[in-house]
Amino acid sequence: MGDIIVIEDLVKTFDGKTAVDRLNLRIREGELFGFLGPNGAGKTTTVRCVATLTNFDSGTITVDGYDLVKNPREAKERMGVIQQQVSLDKDLTIRENMISHAMYHMMGRAERDEKIRELSDFFGLEEYLDRPVDSLSGGWKKRAAIVCAMLHNPKVLFLDEPTSGLDINARRLLWDVVRRLHAGGTTIVLTTHYIEEAEALCDRVGIIDHGRIIALDTPQRLCESVGSVAVEYMEDARTRYRYFGTREEANAFAAGINTGVDVTIRRTNLEDVFVELTGKSVGGQK
Ligand SMILES: Nc1ncnc2c1ncn2[C@@H]1O[C@H](COP(=O)(O)OP(=O)(O)OP(=O)(O)O)[C@@H](O)[C@H]1O
Ligand SMILES: [Mg+2]
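The opening residue of the sequence shown carries number 0 in numbering that gives the first Met the number 0; numbering runs sequentially from there.
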């Protein structure tokens with residue numbers, strides 16, 4: 000399959016401050032792509048540029064072959080987005096929000112009602128449909144926003160931290176939806192701070208820092224790139240991490256650590272990769 004999203008030299012600044020710094024990225028049709036990065040790295044800004052929710056300074060973006068600047072309407076038609084900050088119209092009910100979203104995408108009434116019924120049922124939203132947005136808790140608003148974004152069957156779905164603030168049931172439901180959409184051929188771009196979510200779901204992961212992609216590969220190959228075997232131990236009251244290509248090398252290193260120190264040898268995970276590459280803990284300081 001070809002690349003459905005092509006981003007070339009994307010630059011976005013806010014008041015002279017660079018949020019996205021000549022970012023290049025190609026996302027393949029049908030893939031489930033994960034975006035990881037520290038707070039403020041530029042993930043949301045990049046997603047907002049591609050999803051036409053904000054303009055950008057320079058560079059080019061094409062979606063399904065349509066240039067965002069020359070053919071915005073065609074590009075928009077192909078995308079659905081669940082924003083980090085849920086953007087439902089507070090003056091409307093949940094159902095009215097869904098209807099207005101469907102009208103924006105020129106969906107027929109029968110198809111619209113059927114999709115609203117199907118997705119509301121799936122997310123357990125029926126009893127909330129006729130309530131004003133603000134009477135719902137954050138997690139339920141998020142579920143409603145997810146339904147809105149999926150209503151018009153977009154070819155590409157952006158999910159910017161879709162599961163933050165969701166309870167465990169809703170998170171699992173969302174994972175199921177994501178897997179189902181992925182199996183059906185939808186391209187999904189998922190931003191998350193939950194490493195296990197990226198590991199469980201994503202075909203490829205891009206790590207973004209300071210507005211640039213600093214690593215991009217399958218979760219497994221990213222782990223291999225720092226060393227597939229991790230040694231974790233305490234030294235000077237701090238947890239230290241060392242990575243090795245083989246278990247033998249890791250064992251040899253562990254054997255040289257002072258006796259009496261707790262040593263764990265385990266497989267490297269994406270969290271290790273993240274910390275190694277960005278030097279910050281996941282979901283670090285806001
Ligand atoms: N509307 C805005 N006005 C001014 N600066 C902004 C705006 N939106 C984002 N920024 C800045 O752009 C940079 C990138 O922010 P962005 O929201 O894209 O990061 P992020 O990777 O999504 O972070 P998080 O993990 O916290 O969601 C940050 O320095 C942020 O302060
Ligand atoms: Mg963000």
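Note that CB positions come from ideal geometry on N, CA and C, so glycine has one too.
If you check the beta carbons only, do Ile264 and Ala253 fall under 7 Å apart? For the purposes of this step, residue 264 is identified with residue 265 of the sequence shown, where counting begins at 1. For the purposes of this step, residue 253 is identified with residue 254 of the sequence shown, where counting begins at 1. Yes; because the gap between Cβ atoms is below 7 Å, this pair is in contact.
Simplified DSSP assignment, three categories, for Ala182: In the sequence shown, counting from the first residue as 1, residue 182 sits at position 183. Ala182: helix per DSSP, three-state reduction.
Pull up the distance between the alpha-carbon of Ser280 and that of Thr53, whole angstroms please. Translated into positions along the sequence shown, residue 280 becomes position 281. Translated into positions along the sequence shown, residue 53 becomes position 54. Because Ser280 sits at a pLDDT of 49, beneath the cut-off of 50, its placement in the model cannot be relied upon, and the point is left open.
Buried versus exposed, by CB contacts within 10 Å (16 or more), Lys16: Against the sequence shown, residue 16 aligns to sequence position 17. Classification for Lys16: exposed.
List the whole-angstrom C-beta distance separating Phe13 from Val80, where the pair is believed to meet the contact cut-off of C-beta under 8 Å. Working through the sequence shown from its first residue, we reach residue 13 at position 14. Working through the sequence shown from its first residue, we reach residue 80 at position 81. The Cβ separation is near 20 Å, so there is no contact.
Quick one: complete beta strand (DSSP E) runs, 3+ long, within the stretch 109-135? If we require 3 residues or more, the stretch 109-135 turns out to have no beta strand (DSSP E) run fully inside it.
State yes or no: is the C-beta of Ile4 within less than 7 Å of the C-beta of Ile26? As a first step, residue 4 is located in the sequence shown; it is residue number 5 there, counting from the start. As a first step, residue 26 is located in the sequence shown; it is residue number 27 there, counting from the start. Closer than 7 Å, so yes.
Distance between beta carbons of Ile194 and Glu270, contact taken as under 8 Å: One-based indexing of the sequence shown puts residue 270 at position 271. One-based indexing of the sequence shown puts residue 194 at position 195. Right, the Cβ-Cβ distance comes to about 4 Å (below 8 Å), so this counts as a contact.
Considering only C-alpha positions, which residue in the set Ser57, Leu67 and Ile93 is nearest to Asp133? Here residue 133 refers to the residue found at position 134 of the sequence shown. For Asp133, the nearest C-alpha among the options comes from Ile93.
Considering only the alpha carbon of each residue, which of Ser99, Val85, Arg116 and Gly184 lies closest to Arg142? Walking along the sequence shown from the start, residue 142 turns up at place 143. The shortest C-alpha separation from Arg142 is found at Val85.
How many angstroms separate the CA atom of Leu87 from the CA atom of Asp235? Position 88 of the sequence shown holds residue 87. Position 236 of the sequence shown holds residue 235. The straight-line gap from Cα to Cα measures roughly 50 Å.
So for Thr51, helix, strand or coil by DSSP? Residue 51 sits at position 52 when you count from the first residue of the sequence shown. Three-state result, Thr51: coil.
For a quick check, are the C-beta atoms of Arg203 and Phe32 less than 7 Å apart? As a first step, residue 203 is located in the sequence shown; it is residue number 204 there, counting from the start. As a first step, residue 32 is located in the sequence shown; it is residue number 33 there, counting from the start. Yes, they are a contact pair.
Residues passing the C-beta test against ligand 4 heavy atoms, cut-off 7 Å: As for ligand 4, it is missing from this structure, which binds only ligand 1 and ligand 2.
Can you list, in chain order, the residues of its chain whose CB lies under 8 Å from that of Arg266, leaving out five sequence neighbours each side? Numbered from its first residue, the sequence shown carries residue 266 at position 267. Around Arg266: Cys222, Ser227, Val228 and Ala229.
Excluding five sequence neighbours on each side, which residues of the same chain lie with their C-beta closer than 8 Å to the C-beta of Ile207? The residue you call residue 207 lines up with position 208 of the sequence shown. If we look at Ile207 and ignore the five residues flanking it on each side, its Cβ neighbours are Leu22, Phe34, Leu35, Gly36, Ala40, Gly41, Lys42, Thr45 and Ile213.
Near ligand 1: Asn54 beta-carbon under 6 Å from a heavy atom: On the sequence shown, position 55 is the one that residue 54 refers to. Relative to ligand 1, Asn54 has its C-beta separated by 6 Å or more from all heavy atoms.
Given a threshold of 16 other Cβ atoms within 10 Å of its Cβ, counted over all protein chains shown, does Thr245 qualify as buried or as exposed? For the purposes of this step, residue 245 is taken as the residue at position 246 of the sequence shown. Exposed is the call here.
By Cβ distance, which residues of its chain are closer than 8 Å to Leu135, with the 5 residues on each side in sequence left out? By 1-based counting over the sequence shown, the position of residue 135 is 136. Excluding five sequence positions before and after Leu135, the CB atoms of its chain that fall closer than 8 Å to its own CB belong to Ile93, Tyr127 and Ala143, given in chain order.
Using only the heavy atoms of ligand 1, determine whether one of them is closer than 6 Å to the beta carbon of Phe13. As a working note, residue 13 is residue 14 in the sequence shown. Under cutoff, so the answer is yes.
Measure from the alpha carbon of Val146 to the alpha carbon of each residue in Asp166, Ile167, Val177 and Gly164, then state which is nearest. As a first step, residue 146 must be located in the sequence shown, where it is residue number 147. When each option's Cα is compared against that of Val146, the closest is Val177.
Beta carbon proximity, Ile98 to chain C, threshold 7 Å: This model lacks chain C altogether; it includes just one protein chain.
Within the same chain, show all residues whose beta-carbon is closer than 8 Å to that of Leu180, passing over the 5 residues directly before and after it, in chain order. Here residue 180 refers to the residue found at position 181 when the sequence shown is read from its first residue. Closer than 8 Å at the Cβ level, and outside the excluded window around Leu180, lie Met149, Leu156 and Ile187.
State buried or exposed for Ser119, treating a residue as buried only when at least 16 other CB atoms are found within 10 Å of its CB. In the sequence shown, residue 119 corresponds to position 120, counting from 1. Residue environment: Ser119 is assigned as buried (16 or more neighbouring CB atoms within 10 Å of its CB, all protein chains considered).
May I ask which residues mark the beginning and end of the beta strand (DSSP E) holding Val19? Within the sequence shown, the letter at position 20 stands for residue 19. Element bounds for Val19: Lys16 to Arg27.
Select from Asp20, Glu28, Ser57 and Asp166 the residue whose C-alpha is nearest the C-alpha of Gly183. Counting from one through the sequence shown, the residue named residue 183 turns up at place 184. Comparing Cα-Cα distances from Gly183 to each of Asp20, Glu28, Ser57 and Asp166, the minimum goes to Glu28.
Just how far apart, CA to CA, sit Pro131 and Gly164? Here residue 131 refers to the residue found at position 132 of the sequence shown. Here residue 164 refers to the residue found at position 165 of the sequence shown. Looking at the two C-alpha atoms, the distance is approximately 20 Å.
So, helix, strand or coil for Ser99, using DSSP? If you number the sequence shown from 1, residue 99 lands on position 100. Helix.
Rounded distance between the beta-carbons of Pro153 and Met106, thought under 8 Å: Residue numbering aside, residue 106 sits at position 107 when the sequence shown is read from its first letter. Residue numbering aside, residue 153 sits at position 154 when the sequence shown is read from its first letter. A Cβ-Cβ separation of about 12 Å leaves Met106 out of contact with Pro153 under the 8 Å criterion.
Going by the DSSP bridge assignment, what does Tyr65 pair with across the sheet? The residue you call residue 65 lines up with position 66 of the sequence shown. Paired residues: Val62.
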